[in-house]
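Have a look at the structure below, then the notes.
Numbering (my numbering), first residue to last: 155 to 254.
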């Protein structure tokens, strides 16, 4: 069976793991992020271009939706008008979940 340690001895033995994690963890995270950033620096233009393309797609999509629905109304009314009642309920539930 296991041996029971007094609290003063158990604290000295078992708390060192938690303390070393707190003490050395952030430093190692920063080191890994710095090395990863240096290695991935060559991919910066590709990532920038990808984000720029996605931004253009989202902008075009929002522009198209607002031109088709000049009165506004949000996701629920746009989905109800174009897709039907069930998809509009999903859009409304997503909006509700986003507020929570």
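Quick reminder that beta carbons are idealized off the backbone N, C-alpha and C, glycines included.
Residue i to residue j span [Cα, whole Å]
i, j, result
"residue 192", "residue 198", "10 Å"
"residue 225", "residue 176", "54 Å"
"residue 222", "residue 183", "48 Å"
"residue 233", "residue 181", "48 Å"
"residue 242", "residue 209", "25 Å"
"residue 217", "residue 240", "24 Å"
"residue 254", "residue 158", "47 Å"
"residue 196", "residue 203", "13 Å"
"residue 211", "residue 205", "10 Å"
Residues of its chain near residue i, where Cβ-Cβ distance is below 7 Å and the 5 sequence neighbours each way are ignored
i, result
"residue 246", "230"
Outcome for residue i when other beta-carbon atoms lying within 10 angstroms are tallied against a minimum of 16
i, result
"residue 194", "exposed"
Same chain, Cβ closer than 8 Å to residue i, five either side skipped, listed in chain order
i, result
"residue 249", "228, 229 and 230"
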